[in-house]
Amino acid sequence: VTPNIPLATLKRQQSQPEVSKQIIIPPRRSCDPRLDDDEKFIISDLDRRIDDFNMQQEVNNSQMNKAEQMKELETKLVTEQSKASDGDNDIMIIDDDHENEQLRALQKRISELEQINQQLYDYAANLILDTE
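Per UniProt numbering, the sequence shown starts with residue 1, numbered consecutively.
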């Protein structure tokens, strides 16, 4: 099945330099009304899986960012400890501003995750209501 591509788009793509001679077909996420119910279900299931994968990638990226932030915090703490050591006396410096900043960042991330959870809940509810 070949999608309908406007002639002007094809001509424009063909007139581009040799590097980009391949025809680029934009992705379609809407269901074709000529599809039967099974095909619509398969397409919607595929869309759901793609959305879930993208959501998981976003969560993984945020976890990686969190791990990087923790490494930076540990490095900063070790650096401050080494700067604060005076001969026999080791003084540990605790930065309250940094803790408050980290707390605000965690609260922001929690609210983002709650919003994502609500979106997933709404999406699941819509799927359940659509199938009934």
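Ideal Cβ placement from N, Cα and C applies to all residues, glycine included.
Short of 8 Å from the beta carbon of Leu120, and not among the five residues preceding or following it, lie these beta carbons of its own chain, in chain order: Met55.
Beta-carbon to beta-carbon, Ser44 and Arg109 are separated by about 30 Å, too far to satisfy the 8 Å threshold. In the structure shown, Arg34 adopts coil according to DSSP, grouped into three states. It is roughly 38 Å from the alpha-carbon of Asn65 to the alpha-carbon of Thr131.
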